[in-house]
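Worksheet: the structure to be examined is printed underneath.
Numbering (the UniProt record's numbering), first residue to last: 1 to 261.
Right, here's the structure in full:
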């Protein structure tokens, strides 16, 4: 039981392991195409601090800033972290517009969240002339799976030993672009869709990724489909500068990005 939104039939993003050197990263990927890195970091200690219980105990009363899940994310709403987890962290309503969907990612108060981030081990690669900045988030997925840590069940959202999928489908952020960076999933699974800068995807900026996947994706010819892959704990996605990308959380997911600005 893994929810109502499937993974892609085949991952089309290149993958590399810990044998990838920094010089080869710069030569093959840094300025040209995305890559999924496996085994380049060990964030088991950080993961242990990011369970539902640990985060609620550490940050429950603190306010977090939520953004709308559309391309421009103009509207911001501040709520206590505990309220977000217990009342707003829900599967995506397929009929709800991105401007009406609130999403916790980034806008982290580093005075409050900084001690947690000190335990995060970032990817070992950098782009010359850039500095890293973290953005941390938690978002609802399409259902509670039964595949342990990789399904999001390890985040402890259900007391049942074998939780069933919840109704609805995955949250996410529609297509947008910015500078280069890395994204790592701590709990759950996150499906990514990517286009190079010269191939602007067909999408509505106020349409959720779920609606795009249901309505637009099936109509795309094979040559117009994005690069795509589902990211799991222990994997890090690198995306180059100005690459279009959209995300879809297949489970309740905890994730952190390292933006290179």
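Backbone N, C-alpha and C fix where the C-beta goes; we use that ideal spot for every residue, glycine too.
Looking at the structure shown, is residue 47 part of a helix, part of a strand, or coil, going by DSSP? helix
Own chain residues within Cβ distance below 8 Å of residue 161, not counting five before or after: At residue 161, the pLDDT of 34 sits below 50, so the modelled position is not reliable and the matter cannot be decided from this model.
Every unbroken beta strand (DSSP E) inside the UniProt domain "JmjC" (111-261) [3 residues or more]: 132-139, 181-187, 190-195, 227-231, 235-239, 244-249 and 253-260
Below 8 Å on the Cβ atoms is my guess for residue 22 versus residue 66; work out the distance and round it to an integer in Å. Their Cβ separation, rounded to whole angstroms, is 36 Å, which puts residue 22 and residue 66 out of contact at 8 Å.
Give a yes or no on whether the C-beta atoms belonging to residue 41 and residue 227 are separated by under 8 Å. no
Touching by the beta-carbon criterion (3+ pairs, under 8 Å), the region 202-220 and the region 168-182: yes
Reference residue 219; option with closest CA among 112, 202 and 54: 202
Measuring CB to CB, does residue 7 end up less than 8 Å from residue 225? no
Tell me which same chain residues have a C-beta within less than 6 Å of the C-beta of residue 241, skipping the five on either side of it? 179 and 180
Stretch-stretch touch, CB-based, cutoff 8 Å, three pairs: the region 184-199 with the region 237-254: yes
For residue 104, the three-state DSSP class (helix, strand or coil): strand
Between which two residues does the beta strand (DSSP E) containing residue 76 stretch? 76-80
Along the alpha helix (DSSP H) that carries residue 97, what are the first and last residues, could you check? Looking at the DSSP string, residue 97 is not in any alpha helix (DSSP H), and its letter there is neither H nor E.
State the start and end residues of the unbroken alpha helix (DSSP H) segment that holds residue 28. 22-28
Of the listed residues 101, 9, 208 and 58, nearest to residue 76 (C-alpha basis): 101
For residue 11 and chain B, any beta-carbon pair shorter than 8 Å? Protein chain content of the structure displayed is limited to a single chain, and chain B is not contained in it.
Once DSSP output is grouped into helix, strand and coil, what is the label at residue 13? coil
For residue 65, which residues does DSSP report across the bridge? 78
Alpha-carbon spacing of residue 48 relative to residue 221, whole angstroms: 43 Å
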